Every structure is written in C-alpha cells, then in structure tokens.
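Throughout, this note's numbering is defined as the position within the sequence shown, counted from one, plus 85.
Quick notes on the structure that follows.
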Amino acid sequence: MITNAASGTRIDEIADRIYRISTPVSTVPGGFTFNQYLIVDEQPLLFHSGPRRMFPLVREAVSAVMPVERLSFVGLSHFEADECGALNEFLALAPSAVPLCGRIAAMVSVDDVADRPARALDDGEAIVLGRHTVRWLDTPHVPHAWECGFLYEEHTRTLLCGDLFTQGGSEHEPIVETDILGPSEAMRTALDYYAHSAATRPALHRLAALAPRTLACMHGSAWRGDGAALLRELASILEPVERAVEATAV
Ligand SMILES: [Fe+2]
Ligand SMILES: [Fe+2]
Numbered sequence: 086m087i088t089n090a091a092s093g094t095r096i097d098e099i100a101d102r103i104y105r106i107s108t109p110v111s112t113v114p115g116g117f118t119f120n121q122y123l124i125v126d127e128q129p130l131l132f133h134s135g136p137r138r139m140f141p142l143v144r145e146a147v148s149a150v151m152p153v154e155r156l157s158f159v160g161l162s163h164f165e166a167d168e169c170g171a172l173n174e175f176l177a178l179a180p181s182a183v184p185l186c187g188r189i190a191a192m193v194s195v196d197d198v199a200d201r202p203a204r205a206l207d208d209g210e211a212i213v214l215g216r217h218t219v220r221w222l223d224t225p226h227v228p229h230a231w232e233c234g235f236l237y238e239e240h241t242r243t244l245l246c247g248d249l250f251t252q253g254g255s256e257h258e259p260i261v262e263t264d265i266l267g268p269s270e271a272m273r274t275a276l277d278y279y280a281h282s283a284a285t286r287p288a289l290h291r292l293a294a295l296a297p298r299t300l301a302c303m304h305g306s307a308w309r310g311d312g313a314a315l316l317r318e319l320a321s322i323l324e325p326v327e328r329a330v331e332a333t334a335v
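Below, the structure is given as structure tokens:
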C-alpha cells in the first residue's frame, strides 16, 4: 500500500503482523531504499526510525496501520542516522515508547542522545511483545559498528537483519523469494560496508542456527526462504576476504 504518492513510501505486511515500510531515494547513485519494520502487537515495536528527515513519511506509513502513539519500542541495530535519526521524534509522539537496543549501544550513544533511557538488552535476552517475541543477538562489527546486533522474532521466524543483504536500487518488491545474495554482493563489493573482523563468520553462523524463514532487510526487498542456507553462503563468500584481512594483520 502506497502511503505517500510524492515520495513513493509504502507499507506492506511481509509476515504475520510484521510490516515493511519502504521509501525509495535517489541520493545514492543507482537509487536506494530505506526500510523500517513495524511489529503490531500488544507492545508494538518499530525496528529503525528511518533518517530524521524522513520522519514525516515513516510516521505517515505507521499511521496507516496503527496509531503512532501506541508504540512501545523504537528499536535499532546500531547507531546511524537511518537506524535511529528520528528516534526522538517518535519518542515525542508515543509517550510510553522507549528505545530498544543492545547494552553497548545504550552505553555508548543511545542513553546520551535519546530523550528517554533505553531498554537495553543483553545478548540472547528476549522481550514478549504479545504474540510476537523478539530476541536480541549481539553481532559486534557485523556488518559494522561495535554496538551492532539484530532482533530475531520467534513467532514468525523473522530475522530483522538490518544492513545484512543490502540491495541497491530503488525499485523492489516488498518481499521476494528470488536471489538477494547476488544483488547484495554487487553492492558490497562496490562499496564495502563490512568491518571484516575475525568475529564475522562465527556471528553469521550463529544467526544461521536460528533457521530464519524471513530476512527483513533494511535496504531492498525482504526475503523468504531458507535463511540458514543464505547466511552460511554469505559466510563462505566472505571467508577469503577475511582470511586476507587476517593475513595482513599478522
Ligand atoms: Fe549501518
Ligand atoms: Fe542501514
């Protein structure tokens, strides 16, 4: 459903009561998209606020599905403008909402910048939203930022995978079952946004062990399929890159 004709912002249900909000932009050569995910439940969660300047568009899209004032959590994978630039704008509108992030993000940035203290999650800690349950997984530096981590929604087996599998371009179906690894690797090799630490492959294998059925990507289409296989394939593609980094470090 298009919620803003001028920007092309849309909202679509990609799993049971999990909605992908997506806005295409032309500021990146070749086009790009910024996605946020809304989990509608007793305690609704918006995973990523979108950039501050995109706030009116994301608010409008959330409002098409539920009152923004009902939000309980505004989550983030790591501290960047597209993840949390509009965090305080949402906190101002939703009086009981708090930021939801990992311990490191809360300690380093969120508890200073956000207008209300974060609900900071330990690695492996879960929060019941209602029929949905989200579990936090620390993934430091994967794909980037010390404080990085992801939420895994257990009811729908959806991994809110942030910047993993980032696909360029501004025209995407809300959810696909076709290959996203090829397009995301084209993006990564052109503009590598990975930190490439020794922890990268173990983190990807840990995410694969969850066996997600849906990958809720922050840029491009969401994806449905064998998430474990796709994450392991990504880990194996990255192996030579990271072996080279390790060799350089020695
Ligand atoms: Fe990022
Ligand atoms: Fe991002």
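Each residue gets a CB set at the ideal place from its N, CA and C atoms; glycine is no exception.
These figures come from a predicted structure and were not determined experimentally.
Assuming residue i and residue j form a contact by the criterion Cβ under 8 Å, report the distance between their Cβ atoms to the nearest whole angstrom.
| i | j | result |
| --- | --- | --- |
| residue 304 | residue 132 | Not really, about 14 Å apart at Cβ, beyond 8 Å. |
| residue 244 | residue 319 | Contact doesn't hold; Cβ gap of about 12 Å is too wide. |
| residue 260 | residue 221 | Not really, about 23 Å apart at Cβ, beyond 8 Å. |
| residue 200 | residue 178 | No, residue 200 and residue 178 are not in contact; Cβ-Cβ is about 11 Å, not under 8 Å. |
| residue 249 | residue 302 | 7 Å |
Give me the DSSP bridge partner(s) of residue i.
| i | result |
| --- | --- |
| residue 238 | 219, 243 |
| residue 104 | 98, 123 |
| residue 267 | Partner(s): none; residue 267 has no beta bridge. |
| residue 184 | 159 |
| residue 309 | 299 |
| residue 204 | 185 |
| residue 109 | 118 |
| residue 89 | 94 |
| residue 132 | 122, 160 |
| residue 211 | 220 |
| residue 261 | 308 |
As a quick exercise: from the options, pick the residue whose alpha carbon is nearest that of residue i.
| i | options | result |
| --- | --- | --- |
| residue 190 | 200, 233, 314 | 233 |
| residue 180 | 261, 317, 156, 293 | 156 |
| residue 229 | 281, 146, 107 | 281 |
| residue 224 | 317, 289, 302 | 289 |
| residue 293 | 276, 149, 219, 314 | 314 |
| residue 256 | 97, 115, 149 | 115 |
| residue 272 | 127, 154, 113 | 113 |
| residue 100 | 89, 87, 124 | 124 |
| residue 56 | 207, 242, 227, 196 | Because the chain in this structure spans residues 86 to 335, residue 56 falls outside the shown range and cannot be described. |
| residue 186 | 171, 164, 177 | 164 |
| residue 322 | 202, 279, 218 | 279 |
| residue 207 | 334, 219, 201 | 219 |
| residue 168 | 277, 137, 146 | 137 |
| residue 141 | 107, 334, 311 | 107 |
| residue 284 | 327, 312, 269 | 327 |
| residue 276 | 295, 262, 287, 253 | 253 |
| residue 183 | 170, 205, 162 | 205 |
| residue 316 | 332, 209, 287 | 287 |
| residue 231 | 194, 238, 214, 213 | 194 |
Any beta carbon of chain B sitting closer than 8 Å to that of residue i?
| i | result |
| --- | --- |
| residue 196 | Protein chain content of the structure displayed is limited to a single chain, and chain B is not contained in it. |
Checklist line | Exercise answer, beta-carbon shell around ligand 1 heavy atoms below 5 Å | finding: The answer, residue by residue, is 165, 248.
Next item on the list: Decide if the segment 157-164 is in contact with the segment 130-145; the criterion is three or more beta carbon pairs, one per stretch, under 8 Å apart.
Entry: yes
Note to self: So, does the segment 184-202 touch the segment 136-154, judging by three or more C-beta pairs under 8 Å?
What the structure shows: no
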